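Undergrad: FYI, in this note's numbering the residues of the sequence shown are 2 to 104. From the three backbone atoms N, C-alpha and C, an ideal C-beta is built for every residue, glycine too. Just so you know, these numbers come straight off a predicted model, no measurement behind them. Pasting in a structure now, in structure tokens, and then I'll have a few things to ask.
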Amino acid sequence: MKSSDITLQIYHHHLKIPIESYFNTVTNFLDPWDERAYQFVVHQYLEKAKDNGIVGMVRQERDENYVYLDAAVRYPQTMDGGKGPQAMDGQVSLESMDGGKDM
Numbered sequence: 002m003k004s005s006d007i008t009l010q011i012y013h014h015h016l017k018i019p020i021e022s023y024f025n026t027v028t029n030f031l032d033p034w035d036e037r038a039y040q041f042v043v044h045q046y047l048e049k050a051k052d053n054g055i056v057g058m059v060r061q062e063r064d065e066n067y068v069y070l071d072a073a074v075r076y077p078q079t080m081d082g083g084k085g086p087q088a089m090d091g092q093v094s095l096e097s098m099d100g101g102k103d104m
């Protein structure tokens, strides 16, 4: 298969994360409001979900209780109809991603 035979499908994941969980996840970042920190959080979510999507640009909004991430996640798709991993588009709450514990 030639590389030109692969396209990327892009899905948006909308994540709602309790602010304390967000801060606990990005403790290794000097600036928790940097896009690399947002991408790291989305990458962690995808790993836990066993989702092989490729994290792209992530936008963030927040209030006093939650961080809201809008992540563009890419999925390779071959031109012959074979699809890479599929994503669900919609709201995802990360309040209890790992069996009742915050992220």
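Could you please give me the residues that DSSP links to residue 55 through a beta bridge?
TA: Answer is 75.
Undergrad: For the beta strand (DSSP E) containing residue 47, list its first residue and its last residue.
TA: It is not in any beta strand (DSSP E) - residue 47 instead sits in the alpha helix (DSSP H) that spans 36 to 49.
Undergrad: List the DSSP bridge partners of residue 31.
TA: Note: residue 31 sits in no beta bridge, so no partner.
Undergrad: Please state whether DSSP places residue 104 in a helix, a strand or coil.
TA: With a pLDDT of only 41 at residue 104, under the threshold of 50, the placement of this residue in the model should not be trusted; the figure read from the coordinates follows. DSSP places residue 104 in coil when its eight states are reduced to three.
Undergrad: Out of 67, 75, 36, which one is the CA nearest neighbour of residue 19?
TA: 67
Undergrad: Is the Cβ-Cβ distance between residue 60 and residue 52 less than 8 Å?
TA: no
Undergrad: Out of 15, 33, 26, which has the shortest C-alpha to C-alpha gap to residue 45?
TA: Of 15, 33, 26, the residue nearest in Cα terms is 26.
Undergrad: Grouping DSSP H, G and I as helix and E and B as strand, with all else coil, what is residue 21?
TA: helix
Undergrad: Measure the C-alpha to C-alpha separation of residue 49 and residue 42 and round it to an integer number of angstroms.
TA: 11 Å
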